[in-house]
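*Asks:* The structure under discussion is supplied below as structure tokens; questions concerning it will follow.
In the working numbering, the protein residues as written are 38 to 191.
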């Protein structure tokens, strides 16, 4: 008070200061995580709808293939191939945009971090697992129907 009488002493804890700095980043992480989960759910529902529609159109084909001895895994791989290709192509288009956006965002921090290949391969693997499992469940359901019911009008 003797040297700086106009400036009162204001104390603070350093961890509170850092907490205040990164509060927005934590909130962004929670919001981003919620929207990512919502996007995954909507994507799975879309794939489920598309495969259900495809199975309705190709019910006779699935029945004939299963009658002639095609296995369940062969049927699943036959109908999932197109969806897997579309997912991989969409992933390849999204890599440059995500890399540019994430590197710009990560460079705004004091502690620098680089992106690795696994930061991109892991989401692709999870998306392909979700896609394949959704298609597999739908094809299994369509292939387990009694062939006599589907071929009755033939």
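In this text, a Cβ means the ideal position worked out from N, Cα and C, and glycines have one as well.
Which term fits residue 127, buried or exposed, when burial requires 16 or more other beta carbons within 10 angstroms of its beta carbon?
*Replies:* Numbered from 1 along the chain shown, position 90 holds the residue referred to as residue 127. With fewer than 16 other Cβ atoms within 10 Å, it is exposed.
*Asks:* Given a cut-off of 9 Å on the beta-carbon distance, is the pair residue 84 and residue 171 in contact?
*Replies:* Residue 84 sits at position 47 when you count from the first residue of the chain shown. Residue 171 sits at position 134 when you count from the first residue of the chain shown. Taking 9 Å as the Cβ cut-off, residue 84 and residue 171 qualify as a contacting pair.
*Asks:* At the level of alpha carbons, what is the spacing between residue 147 and residue 65?
*Replies:* For the purposes of this step, residue 147 is identified with residue 110 of the chain shown, where counting begins at 1. For the purposes of this step, residue 65 is identified with residue 28 of the chain shown, where counting begins at 1. Each residue's Cα considered, the two are about 18 Å apart.
*Asks:* Drop a sphere of 10 angstroms on the beta-carbon of residue 69, count the other beta-carbons inside from all chains shown, and report buried for 16 or more, exposed for fewer.
*Replies:* The residue given as residue 69 occupies position 32 in the chain shown. Exposed, since its Cβ has fewer than 16 Cβ neighbours within 10 Å.
*Asks:* Enumerate in chain order the residues of its own chain whose CB-to-CB distance from residue 173 is below 8 Å, with the five nearest sequence positions on each side excluded.
*Replies:* As a position in the chain shown, residue 173 is number 136, starting the count at 1. Only 113, 117 meet the Cβ criterion.
*Asks:* Considering only the beta carbon of each residue, do residue 167 and residue 81 sit closer than 9 Å?
*Replies:* Looking up residue 167 in the chain shown gives position 130. Looking up residue 81 in the chain shown gives position 44. Against a cut-off of 9 Å, the Cβ pair of residue 81 and residue 167 comes out as a contact.
*Asks:* Contact defined as beta carbons within less than 8 Å: I believe residue 88 pairs with residue 175. What is the distance between those atoms, to the nearest angstrom?
*Replies:* Counting from 1 along the chain shown, the entry for residue 88 is found at position 51. Counting from 1 along the chain shown, the entry for residue 175 is found at position 138. So it is a contact: roughly 4 Å between Cβ atoms.
*Asks:* So, for residue 179: in the same chain, excluding its five sequence neighbours on each side, which residues have a beta-carbon less than 7 Å away from its beta-carbon?
*Replies:* Taking the chain shown and counting its residues from 1, the one referred to as residue 179 is at position 142. Closer than 7 Å at the Cβ level, and outside the excluded window around residue 179, lie 92, 96, 99.
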